[in-house]
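Trainee: Would you mind keeping the following structure in view while I ask a few things?
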């Protein structure tokens, strides 16, 4: 080629393209730097490129007035050849101040019009500022000769923006300078920082990941980021033009996943499938692919409050209790939380704790927390595709810096031994006290006993509410869609009306009952709806039996015949006998669990195996082998027979395999099977009733402590006997023991009635006797706590009479006489207990009763009055402000006034500050140390009147 034909030999008039690319390359690496900080868990919410300024960094500073405060850092990025250090005048020549001043004016105008946008202005420079240069703040505030000269010269450079001296000084005083490495060093530092976040990556992989991140930043700089990730944004969406310029944890999700340690990534990928399978192990032919296809979000209420919260409130406390009745949706919710948290982490959203569901029984025997969690996770997630075995150390530290684990403990009530259950709860309490706090807990189960509530009195307790009418309709429609029922909306309305006609609409308002009813209805050609819980479970089990014995290539009967036909007709008949009696054998195992005794020496040594339920595969095989039908035919090898038994158990629909165990698909399935086994003869039935009722009859029935609430659901299955002789036995046993002296039995009747088990008229004499007995306790008993407890039971049996009794007790001045002699925790006030219980049944009447307690300044302890006002506030009662204001101003004990003032500050901070200042003035000489603490709080509220009391303190640790 002729040399003259190649333009590389022609001198360029300028090199602006190359220099521009270098400048943009440096600006890109500045944005990459902040993106890496975001990936590393630093409190950066997003990074926006080329919008208002070169780079805008949104930093999360923490909570303020109930939400996160974001500081917006508007940055002008300036690069230059590293010949000489920067000076303030060279920065002025770069036009950086022009851009920042225009930005400052726009932001101040927005704030003056009502926006709240904390911000700072930054010049990010490549290289160093000259060591002799003052800061912009010094230039703005100092009257020195050099500073004044620089300020004047900078003003002349901004004269086209008409900045007056005051505006200029204010503007310059708020300019920050960030010195950055030279462009090559910055790029190297970014790669090293990226590699430090993922030590498992090779150098080549880190370089590739850095290039991917740099490409994302360049796409943002030219407004080309794809907007698909907007689906994950939880905050109000900005305009799409901003989305195409903004880097968030969602846009960086693919990179964040590459940075995750292999074990954590494996855990997340398995956990996001936690809601794939419905937790009740329902029929294969009708069960949806995912729990989320049929699950309807439920409301969560604070116990002893009418306030309802969204499901995502769980996990905000270090420890909380979640209670619901049988089939109330606890397991479904916990699995949904685990799947949702894993999906969010995989999408780059690591702001919420990472959840793991653990069966409470897996925590026994007690052992180190990391060991227990690893064992439970390996077992439960192996079925969901977990590849690596998680070690004990995996759960000992936070999943990522600044985050924590959310341990969802399911089925605490399924630890049937009350003492062992309390031991597990105490162990969980101790785990939450450890520092640093890397674990929080949600403990789910059926309603806890009063003794357990006393143990957990400082722990928030939430209740998973039953379906509303709209929730029930949505749930039925979802099931009908999955079951292929035509016109699911209209069919759902007709079905709900049919439920009401047979008295099942109240029972249907739990997720489990809805799922069973929908499936039984879809498989029932005559359309007859079961009219009791027992009848529903019986119908469902019959359907499971029919499915198991159905003909077809996938049916278990066909497969069993294919297996045994080569062994001859004798073996086939033996197998047929086993299959026919399988449900009875399962019921026998369930009954053995229900009747398992309590280890009397559990406090001085670990519980022995004979006192713990054994659902291992080997235990099931031993049980079945003891029956004649379960004996191995000589013609079949031991392995083939064992595999056949295990296959039959796993295909029956009542059991699910978890590792080397076969567990009941739901606790109520076990209770139904055990009750069915107990009904095989009148003698067996009466013996089981005596055993089950013994703890209710002989367990100090005159007070609320120790009632075996975990047995209520099982007893309700027992007494719903269809056979007349069995029904007569149940009625006689309960009727004879429902007396004024056995309030526990009255409570049992009230709780059984919730299940609809006492709907038939034949049970009416029992209910009337329970009402008469509880009313007698309210009127004649001397112990105030017992009277309040009896009134609560009465409200369950006869609402009008019970609410009247609670209302009267809350007003009775002498009810707190014993409490007033030794006042302690205000929640132990019997009058307060009565008013709080009343509020659970009737919000308006309960709130009125609480307000009466607030106004009772003669017979009621001051702290009880404050607690009553606090409950009003928690329930958003409009009178709470006036009540707390009155209590905050009363001339009473300083501590109760301070409690009222701190609560009042949540309503009116300014008025509360006035009350706190008065409190300090009145009590400063008597309790100087406490008042010093109060003064510090007053200063935190922005009121300096008592500043002299805290000026001598070194730091907050002295408070």
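In this note's numbering, the protein residues as written are 105 to 1063.
Beta carbons: idealized from backbone N, C-alpha and C, even for Gly.
Taking its Cβ as the centre, do 16 or more other Cβ atoms sit within 10 Å of residue 354, making it buried, or is it exposed?
Mentor: The sequence position of residue 354 within the chain shown is 250, counting from 1. When all chains shown are included, residue 354 counts as buried.
Trainee: Pull the bridge partners of residue 765 from the DSSP assignment, please.
Mentor: As a first step, residue 765 must be located in the chain shown, where it is residue number 661. Beta-bridge pairing links residue 765 to 720 and 762.
Trainee: What residue range does the beta strand (DSSP E) around residue 190 cover?
Mentor: The count along the chain shown starts at 1 and reaches residue 190 at position 86. Looking at the DSSP string, residue 190 is not in any beta strand (DSSP E), and its letter there is neither H nor E.
Trainee: Please tell me whether residue 357 and residue 297 are closer than 9 Å, where the distance is taken between their beta carbons.
Mentor: On the chain shown, position 253 is the one that residue 357 refers to. On the chain shown, position 193 is the one that residue 297 refers to. Their beta carbons are not under 9 Å apart, which means residue 357 does not touch residue 297 by this criterion.
Trainee: Excluding sequence positions up to five away, which residues of its chain have a Cβ less than 7 Å from the Cβ of residue 202?
Mentor: Position 98 of the chain shown, counted from the first residue, corresponds to residue 202. Contacts found: 262 and 265.
Trainee: I need the boundaries of the beta strand (DSSP E) containing residue 892, first residue and last residue.
Mentor: Position 788 of the chain shown, counting from 1, holds the residue named residue 892. Element bounds for residue 892: not the beta strand (DSSP E) but the alpha helix (DSSP H), 888-901.
Trainee: Tell me which same chain residues have a C-beta within less than 8 Å of the C-beta of residue 907, skipping the five on either side of it?
Mentor: Within the chain shown, the letter at position 803 stands for residue 907. Within the same chain, residue 907 has close Cβ partners 899, 942, 945, 946 and 949.
Trainee: Rounded to a whole number of angstroms, what is the C-alpha to C-alpha distance between residue 333 and residue 512?
Mentor: In the chain shown, residue 333 corresponds to position 229, counting from 1. In the chain shown, residue 512 corresponds to position 408, counting from 1. Unreliable positioning characterises residue 333 in this predicted model, as indicated by a pLDDT of 39, which lies under 50. A coordinate reading is not provided.
Trainee: By the three-class DSSP mapping on this structure, what secondary structure does residue 979 have?
Mentor: For this step, residue 979 is matched to residue 875 along the chain shown. It is coil, neither helix nor strand.
Trainee: Since residue 426 and residue 566 should fall inside the 8 Å C-beta cutoff, what is the C-beta to C-beta distance between them, to a whole number of angstroms?
Mentor: Position 322 of the chain shown, counting from 1, holds the residue named residue 426. Position 462 of the chain shown, counting from 1, holds the residue named residue 566. So it is a contact: roughly 5 Å between Cβ atoms.
Trainee: By the three-class DSSP mapping on this structure, what secondary structure does residue 628 have?
Mentor: Working through the chain shown from its first residue, we reach residue 628 at position 524. Looking at residue 628 - three-state DSSP - the assignment turns out to be coil, as it is neither helix nor strand.
Trainee: Tell me the DSSP secondary structure of residue 276 in three-state form.
Mentor: Translated into positions along the chain shown, residue 276 becomes position 172. Residue 276 falls in the helix class under three-state DSSP.
Trainee: Mark residue 1048 as exposed unless 16 or more other C-beta atoms lie within 10 angstroms of its C-beta, in which case mark it buried.
Mentor: Position 944 of the chain shown, counting from 1, holds the residue named residue 1048. Counting Cβ neighbours within 10 Å, residue 1048 comes out exposed, since fewer than 16 surround it.
Trainee: Mind checking which residues open and close the beta strand (DSSP E) that includes residue 595?
Mentor: For this step, residue 595 is matched to residue 491 along the chain shown. Counting along the chain, residue 595 falls outside any beta strand (DSSP E), though it belongs to the alpha helix (DSSP H) covering 592-605.
Trainee: Using a Cβ-Cβ cut-off of 6 Å (strictly less than) and excluding sequence neighbours within five positions of residue 786, which residues of its own chain qualify?
Mentor: Taking the chain shown and counting its residues from 1, one reaches residue 786 at position 682. Here the set comprises 829.
Trainee: Would you be able to state if there are at least three C-beta pairs under 8 Å between the stretch 582-598 and the stretch 839-846?
Mentor: They do not touch, by the three-pair rule.
Trainee: Mapping the DSSP letters down to three states, classify residue 146 as helix, strand or coil.
Mentor: By 1-based counting over the chain shown, the position of residue 146 is 42. It is coil, neither helix nor strand.
Trainee: Ignore the nearest five residues each way along the sequence and tell me which others in residue 390's own chain have a CB closer than 6 Å to its CB.
Mentor: For the purposes of this step, residue 390 is taken as residue 286 along the chain shown, with counting starting at 1. In this prediction, residue 390 has a pLDDT of 45, which is less than 50 and means its spatial position is unreliable; nothing more can be read from the coordinates.
Trainee: Is residue 464 near residue 518, with beta carbons less than 9 Å apart?
Mentor: For the purposes of this step, residue 464 is taken as residue 360 along the chain shown, with counting starting at 1. For the purposes of this step, residue 518 is taken as residue 414 along the chain shown, with counting starting at 1. Contact: yes.
Trainee: Determine the closest residue to residue 131 out of 139, 143, 181 and 145, with distance taken between C-alpha atoms.
Mentor: Stepping through the chain shown from its first residue, residue 131 is reached at position 27. Of the candidates 139, 143, 181 and 145, the one whose C-alpha sits nearest the C-alpha of residue 131 is 181.
Trainee: Applying the 10 Å Cβ sphere with the 16-neighbour rule, what's the burial state of residue 1024?
Mentor: Here residue 1024 corresponds to residue number 920 of the chain shown, with the count starting at 1. Buried, since its Cβ has 16 or more Cβ neighbours within 10 Å.
Trainee: Do you know how far the Cα of residue 689 is from the Cα of residue 732?
Mentor: On the chain shown, position 628 is the one that residue 732 refers to. On the chain shown, position 585 is the one that residue 689 refers to. For residue 732 and residue 689, the distance between alpha carbons rounds to 11 Å.
Trainee: With 16 as the cutoff for other CB atoms within 10 Å, does residue 1053 come out buried or exposed?
Mentor: Residue numbering aside, residue 1053 sits at position 949 when the chain shown is read from its first letter. Classification of residue 1053: buried, given that the 10 Å Cβ count is 16 or more.
Trainee: Start and end of the beta strand (DSSP E) containing residue 566?
Mentor: As a first step, residue 566 must be located in the chain shown, where it is residue number 462. 565-568 is the span of the beta strand (DSSP E), which, as asked, contains residue 566.
Trainee: Hey, residue 446 and residue 376 are a contact pair by Cβ (cut 8 Å); roughly how many whole angstroms apart?
Mentor: For the purposes of this step, residue 446 is taken as the residue at position 342 of the chain shown. For the purposes of this step, residue 376 is taken as the residue at position 272 of the chain shown. Contact holds; Cβ gap of about 4 Å.
Trainee: In chain order, which alpha helix (DSSP H) runs of at least 4 residues are fully inside the stretch 1014-1049?
Mentor: With a minimum length of 4 residues, the continuous alpha helix (DSSP H) runs that stay inside the stretch 1014-1049 are 1032-1044.
Trainee: Taking only heavy atoms of the ligand PLP into account, decide whether any of them is closer than 8 Å to the Cβ of residue 730.
Mentor: Absent from the structure shown: the ligand PLP. Ligands present: none.
Trainee: According to DSSP, is residue 1006 helix, strand or coil?
Mentor: Within the chain shown, residue 1006 is the residue found at index 902, counting from 1. In the structure shown, residue 1006 sits in a helix (DSSP, three-state: H, G or I).
Trainee: Measuring only the C-alpha atoms, how far is residue 705 from residue 424?
Mentor: Residue numbering aside, residue 705 sits at position 601 when the chain shown is read from its first letter. Residue numbering aside, residue 424 sits at position 320 when the chain shown is read from its first letter. With a pLDDT of 42 at residue 705, under the threshold of 50, the modelled position of that residue is not reliable, and no figure is offered here.
Trainee: Can you list, in chain order, the residues of its chain whose CB lies under 8 Å from that of residue 366, leaving out five sequence neighbours each side?
Mentor: On the chain shown, position 262 is the one that residue 366 refers to. Closer than 8 Å at the Cβ level, and outside the excluded window around residue 366, lie 304 and 492.
Trainee: Just to confirm before moving on: does the CB-CB distance between residue 461 and residue 378 stay below 9 Å?
Mentor: In the chain shown, residue 461 corresponds to position 357, counting from 1. In the chain shown, residue 378 corresponds to position 274, counting from 1. Yes, these two residues count as a Cβ contact at 9 Å.
Trainee: What are the residues that DSSP puts in a beta bridge with residue 543?
Mentor: Here residue 543 is taken as the residue at index 439 of the chain shown, counted from 1. Beta-bridge pairing links residue 543 to 509.
Trainee: Measure from the alpha carbon of residue 617 to the alpha carbon of each residue in 415, 570 and 627, then state which is nearest.
Mentor: To locate residue 617, count along the chain shown from 1; it is residue 513. Closest by alpha carbon: 570.
Trainee: Quick one: Cα of residue 698 to Cα of residue 775, how far?
Mentor: As a first step, residue 698 must be located in the chain shown, where it is residue number 594. As a first step, residue 775 must be located in the chain shown, where it is residue number 671. Near 8 Å, if we compare the C-alpha coordinates of residue 775 and residue 698.
Trainee: Under the rule that 16 or more other beta-carbon atoms within 10 Å means buried, what is residue 605, buried or exposed?
Mentor: Counting from 1 along the chain shown, the entry for residue 605 is found at position 501. When all chains shown are included, residue 605 counts as exposed.
Trainee: Using three-state DSSP, classify residue 157 as helix, strand or coil.
Mentor: On the chain shown, position 53 is the one that residue 157 refers to. It is a strand residue.
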